[in-house]
Each structure stands twice: as structure tokens, then as C-alpha cells.
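A.B. asks:
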Amino acid sequence: MPTESEYRRHQVVVIGGGTAGITIAASLLRRRPGLDVAIVEPSDQHYYQPAFTLVGGGAYTLDKTRRAIREVLPKGATLIQASVTAFEPDENAIQLDDGQRLGYSQLVVVPGIKLDWSRVEGLEATLGKNGVCSNYSPETVRYTWQCLRGFNGGNAIFTQPAPPLKCAGAPQKIAYLAADHINRQGLGDNSTLRFYSGGGALFSVPDFVPPLERVAQRHGVEVLLSHDLVAVDGASKMATFETQNAEGEKTRVEQPFDLLHVTPHQCAPDFVAQSPLAGAGGWVDVDKGTTQHVRYPNVFSLGDASSLPTSKTAAAVRKQAPVTVKNLLAHIDGKALTAQYDGYTSCPLVTDYGRVMIAEFIYDGVVAPTLPLNPFKESRFYWWVKKSFLPTFYWKHMLKGHEPDIAHRPRKTS
């Protein structure tokens with residue numbers, strides 16, 4: 179085995195060039211110019227994924243969500259275009275698929291989440307054709323709008339697996355946009371819209387369930403909980419769901435479709451789940467306040483691949499990143515870690531074309547809005563925030579390492 183001096187080494191190595199990786203690297207270099215930071219990322223493209231819902235609904239273009247990875251790379255950071263194959267945290271090193279062994283003093287693990295398309299039988303073979311679409315990938319998102327434009331009535335089905343998944347509100351957002359589009363085209367009387375969720379509730383925070391149930395009812399979307407998509411026959415246009423009764427007996431239900439929007443099952447990337455860094459569920463095992471690894475103090479993780487017990491969204495990363503950066507720099511300096519993440523996340527719930535309800539909350543599902551507006555009311559202002567303000571903020575501020583903030587405040591609800 180090579181000695182430490184015989185392999186490439188950087189002070190801070192960031193695994194992943196997505197939202198969390200670029201934000202962390204930019205913030206580190208803004209706070210401490212000249213710090214030796216490397217980003218390991220195999221892709222040459224970076225996407226603003228929160229806009230995929232709007233792309234699938236025909237209200238945004240995919241091109242506006244995409245930048246070359248080198249365009250968003252922070253000045254002073256080194257890009258290593260490779261994939262991680264193994265972690266060696268006891269030796270402060272990682273293995274890459276190009277044969278390199280890369281050393282580090284501090285490690286930030288933010289590779290995102292794995293979309294497990296293969297978990298649904300027949301899905302991969304029919305995705306992108308036969309009316310089977312998904313907003314969860316840049317390769318498939320435009321087909322969603324193609325399916326909506328070509329829909330002339332019939333059965334429209336929208337699915338959501340049980341957690342974990344990134345942006346857990348996204349599966350129902352496209353259901354509401356599709357319903358709005360279908361009704362605007364005068365096809366509502368000739369259509370049946372169903373939202374199948376593998377979970378037991380429409381939303382993870384109970385306070386938001388009643389207003390979302392009213393949205394679904396207004397749009398004529400039937401909600402069926404505890405129904406997990408297990409198979410798709412694209413040629414026959416048949417979706418199969420598995421459900422179980424109170425006694426735990428499982429049954430399968432077949433449902434024909436003319437349009438099927440699928441949210442894939444999701445899990446930790448294999449190279450993370452199979453590593454010494456993984457904890458329960460395969461996620462990088464970190465302290466929920468400091469984002470520091472519970473066993474390896476020079477390792478930090480946030481975002482989708484971390485064990486942080488909150489929703490996996492870009493808004494969560496926005497609040498996690500400053501905490502991680504402050505604590506990582508404190509670790510470098512040999513100081514105590516004092517910054518704390520309170521679990522804040524946000525989900526702009528698109529309820530139709532032109533209106534959005536923003537669900538903001540912290541750990542334990544405590545509602546914590548940023549602005550003094552009713553968090554349970556749909557707003558045209560928040561549509562502008564979702565479509566225009568947030569993308570600009572993302573590209574020009576968040577990915578540049580700027581950390582302007584408006585405090586969120588926990589709100590008591592009855």
C-alpha cells in the first residue's frame with residue numbers, strides 16, 4: 179500500500195458537485211481564501227433540480243436549470259472528475275474509479291441520493307415512453323410535459339414511494355399542476371386523477387395535511403395512501419400497487435393508466451451505504467446538530483446522503499451548509515464545534531399554475547415560517563418566489579458561498 183506521501187492529497191475533499199458540494203466549497207473558500215479544497219464529481223453538468231417540477235409542467239425550460247460543472251466551480255477549488263469507489267476513513271483516504279487514491283485532512287460527503295428505478299418491476303424498460311414519465315431525472319422530465327400536452331382524457335396516475343426521498347412534496351406538485359392543466363383544457367369530466375402514496379400520510383408534517391387535502395379535493399385528485407408501486411407494464415398500460423390491511427396482509431391492485439408519473443424509490447448511494455461511514459439505512463452517520471460524523475471527527479456530511487432527520491431539499495442544504503462550514507473550520511483550528519443546525523427545511527408546494535404554499539419546518543415537524551404570512555395559504559407571491567426569485571438566488575448567491583439569511587421562527591399551531 180502506498181504511503182501518505184505517495185498519493186495525491188488535499189486539505190479538504192468534497193465528495194459531490196451538486197447543491198451541497200458547490201455551496202460548501204464556495205463558502206469555505208470565501209471564509210478562508212487559499213484553503214486547499216478539491217471537489218470529486220464525475221458529471222460535467224450541474225442542475226437546479228427544484229425547477230424540475232416546473233419543467234415537467236411546461237412552465238420552465240430544462241436549459242435554464244443546467245450549467246456546466248466548471249461554470250459553477252468555486253474559484254480556487256480543484257475539480258477531480260471521477261467517482262468514489264471506496265472510503266478508507268481510518269487512513270484519511272478514498273479510492274476513485276480511475277485508480278487514484280486520494281488523501282484528505284477533512285472530508286465532506288455530499289454525493290446526493292440514488293434513484294432506484296429498478297426497484298419497480300418493468301419501470302426501466304418503459305420509462306420515457308408509453309405515457310410513463312418522471313420529473314426526477316433531467317433525462318425524463320421533458321417527457322412529462324409531452325405526456326401532459328398529449329393527454330386527451332382517461333386515467334392519470336401519480337405515484338410517491340414511502341420515504342426516504344428528496345423533495346417529498348414534488349410527487350404531489352406535478353399531480354396538482356397536471357390537474358390544473360387538464361381542467362383548463364376542459365378534460366376534467368373525461369379524466370380520473372389518482373395520487374398513490376406508499377406512505378401513510380399526504381405530508382410528513384401533520385399541520386400541512388388538511389390544507390393539502392383541500393387542494394387535492396379542489397382539483398379532483400383522489401388520494402390513496404399506503405399503496406406502493408411495485409410493477410409497470412408499459413405496453414399494456416397497467417400499474418400494479420401493493421397495499422396491506424391492518425392485520426399486515428398484503429394485496430396487489432392493478433390500475434390501468436393513460437398517463438403515469440412515477441417517483442422512484444430512493445436510497446443512499448451504494449458506495450456510501452457499503453462504507454464504514456454508513457449508519458442506519460446506509461446514510462452517512464452524523465450528529466444532527468453539528469453535521470460531524472459520529473465516529474470520524476474529520477468527516478462531515480449534509481444534504482441527501484446524510485442521516486440528518488429532516489426532509490431532503492435544497493432549502494435544507496442552504497441552512498446546513500453554514501453550520502457545516504463553521505464547524506469544519508473550527509475542527510481545522512482545533513476549536514470546539516459550536517454551530518448548530520435545527521432541522522430547518524422548506525418545500526414550496528405548487529398547488530396550481532400561479533399559486534404556491536410554502537411548507538417550512540424544523541426538527542420534530544415544528545412549523546417555522548420565514549415571512550409573517552399564513553404558511554397554510556396558497557399565494558401568488560410564492561409562485562413568483564418559486565419560479566423567479568429562488569433560481570436567481572441559487573445561481574448568484576447560494577452557489578457563490580454567500581450566506582444572507584432571514585431568520586425562520588417556530589410557530590405554535592393548534
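The sequence shown runs 179 to 592 under my numbering. Every residue gets a Cβ at the ideal spot worked out from N, C-alpha and C, and that includes glycine.
Look at the alpha carbon of tyrosine 185 and the alpha carbon of leucine 280, and state the distance between them as a whole number of angstroms.
C.D. replies: Your numbering for residue 185 matches position 7 in the sequence shown. Your numbering for residue 280 matches position 102 in the sequence shown. Cα to Cα, the separation comes out at about 6 Å.
A.B. asks: Tell me, to the nearest whole angstrom, how far the beta carbon of histidine 439 is from that of serine 312; I am working on the premise that it is less than 8 Å.
C.D. replies: Numbered from its first residue, the sequence shown carries residue 439 at position 261. Numbered from its first residue, the sequence shown carries residue 312 at position 134. That pair is a contact at about 6 Å.
A.B. asks: Under 8 Å Cβ to Cβ from leucine 403, same chain only, skipping five residues before and after it: list those, please.
C.D. replies: Counting from 1 along the sequence shown, the entry for residue 403 is found at position 225. Closer than 8 Å at Cβ, skipping near neighbours: Ser375, Gly377, Gly378, Ala379 and Leu380.
A.B. asks: Taking the alpha helix (DSSP H) that asparagine 505 falls in, what are its first and last residues?
C.D. replies: To locate residue 505, count along the sequence shown from 1; it is residue 327. It spans 492–510 - the alpha helix (DSSP H) in which asparagine 505 sits, taken as one unbroken run.
A.B. asks: Which partner residues of aspartate 294 appear in the DSSP bridge assignment?
C.D. replies: Along the sequence shown, read from residue 1 onward, the residue named residue 294 stands at position 116. Its beta-bridge partners are His443.
A.B. asks: Would glycine 459 pass as a contact of serine 485 if the rule is Cβ separation under 9 Å?
C.D. replies: Indexing the sequence shown from 1 puts residue 459 at position 281. Indexing the sequence shown from 1 puts residue 485 at position 307. Yes. Within cutoff.
A.B. asks: Identify the residues that DSSP records as bridge partners of threonine 337: which are they?
C.D. replies: As a position in the sequence shown, residue 337 is number 159, starting the count at 1. Answer by DSSP bridge pairing, in chain order: Tyr374.
A.B. asks: Within a Cβ cutoff of 8 Å, which residues of the same chain sit near glutamine 324, ignoring the five residues on either side of it in sequence?
C.D. replies: Translated into positions along the sequence shown, residue 324 becomes position 146. Excluding residues within five positions, the ones whose Cβ falls inside 8 Å are Cys311.
A.B. asks: For the alpha helix (DSSP H) that serine 414 lies in, which residues bound it at each end?
C.D. replies: As a first step, residue 414 must be located in the sequence shown, where it is residue number 236. Run containing serine 414: none; DSSP gives neither H nor E here.
A.B. asks: CB-CB under 6 Å to valine 190, same chain, minus the five flanking residues each way: which ones, in chain order?
C.D. replies: Stepping through the sequence shown from its first residue, residue 190 is reached at position 12. The answer, listed in chain order, is Val215 and Gln284.
A.B. asks: If contacts are defined as beta-carbon pairs under 8 Å, then valine 250 and isoleucine 200 qualify, I think. What distance do you get, rounded to the angstrom?
C.D. replies: As a first step, residue 250 must be located in the sequence shown, where it is residue number 72. As a first step, residue 200 must be located in the sequence shown, where it is residue number 22. The pair is a contact, with the Cβ atoms about 5 Å apart (cut-off 8 Å).
A.B. asks: Near lysine 253, which residues of its chain fall below 8 Å by C-beta distance, leaving aside the five closest residues on each side in sequence?
C.D. replies: Within the sequence shown, the letter at position 75 stands for residue 253. Counting only Cβ-Cβ distances below 8 Å, and skipping sequence neighbours, we find Leu207.
A.B. asks: Rounded C-beta distance between asparagine 505 and alanine 517? I'm assuming under 8 Å.
C.D. replies: One-based indexing of the sequence shown puts residue 505 at position 327. One-based indexing of the sequence shown puts residue 517 at position 339. With a Cβ gap of about 5 Å, asparagine 505 and alanine 517 count as contacting.
A.B. asks: I believe phenylalanine 262 touches phenylalanine 449 by the beta-carbon criterion, under 8 Å. Please report the beta-carbon distance rounded to the nearest angstrom.
C.D. replies: Position 84 of the sequence shown, counted from the first residue, corresponds to residue 262. Position 271 of the sequence shown, counted from the first residue, corresponds to residue 449. The identity of residue 262 in the sequence shown is valine, whereas the question assumes phenylalanine. Valine 262 to phenylalanine 449, Cβ: 5 Å. Contact.
A.B. asks: Does DSSP put alanine 424 in a helix, a strand or coil?
C.D. replies: For the purposes of this step, residue 424 is taken as residue 246 along the sequence shown, with counting starting at 1. If DSSP states are grouped into helix, strand and coil, alanine 424 belongs with coil.
A.B. asks: Given a cut-off of 9 Å on the beta-carbon distance, is the pair aspartate 406 and glutamate 420 in contact?
C.D. replies: Numbered from 1 along the sequence shown, position 228 holds the residue referred to as residue 406. Numbered from 1 along the sequence shown, position 242 holds the residue referred to as residue 420. Cβ atoms of aspartate 406 and glutamate 420: closer than 9 Å.
A.B. asks: DSSP on serine 524, reduced to helix/strand/coil?
C.D. replies: Numbered from its first residue, the sequence shown carries residue 524 at position 346. Three-state DSSP puts serine 524 in a strand.
A.B. asks: At which residues does the alpha helix (DSSP H) containing glycine 594 begin and terminate?
C.D. replies: Nothing about residue 594 can be read from this structure; the chain reaches only from 179 to 592.
A.B. asks: Does DSSP put lysine 513 in a helix, in a strand, or in coil?
C.D. replies: Along the sequence shown, one-based indexing puts residue 513 at 335. If DSSP states are grouped into helix, strand and coil, lysine 513 belongs with coil.
A.B. asks: May I ask you to report which of helix, strand or coil DSSP gives valine 383?
C.D. replies: In the sequence shown, residue 383 corresponds to position 205, counting from 1. The answer is coil: DSSP assigns valine 383 none of H, G, I, E or B.
A.B. asks: Can you give the Cα-Cα distance for alanine 346 and alanine 537, rounded to whole angstroms?
C.D. replies: Here residue 346 is taken as the residue at index 168 of the sequence shown, counted from 1. Here residue 537 is taken as the residue at index 359 of the sequence shown, counted from 1. About 11 Å.
A.B. asks: Can you check whether the CB of alanine 546 is closer than 9 Å to the CB of arginine 589?
C.D. replies: Here residue 589 corresponds to residue number 411 of the sequence shown, with the count starting at 1. Here residue 546 corresponds to residue number 368 of the sequence shown, with the count starting at 1. Contact: yes.
A.B. asks: Identify the residues that DSSP records as bridge partners of lysine 574: which are they?
C.D. replies: Residue numbering aside, residue 574 sits at position 396 when the sequence shown is read from its first letter. Paired residue(s): none; lysine 574 is not in a bridge.
A.B. asks: Please say whether serine 382 and glycine 521 have beta carbons closer to each other than 9 Å?
C.D. replies: Position 343 of the sequence shown holds residue 521. Position 204 of the sequence shown holds residue 382. In this structure, serine 382 does not lie closer than 9 Å to glycine 521 by Cβ.
A.B. asks: For methionine 416 versus glutamate 427, is the C-beta distance shorter than 9 Å?
C.D. replies: Against the sequence shown, residue 416 aligns to sequence position 238. Against the sequence shown, residue 427 aligns to sequence position 249. Not a contact, by the Cβ cut-off of 9 Å.
A.B. asks: Indicate whether glycine 234 and isoleucine 352 have their beta-carbon atoms separated by less than 9 Å.
C.D. replies: For the purposes of this step, residue 234 is identified with residue 56 of the sequence shown, where counting begins at 1. For the purposes of this step, residue 352 is identified with residue 174 of the sequence shown, where counting begins at 1. Yes; because the gap between Cβ atoms is below 9 Å, this pair is in contact.
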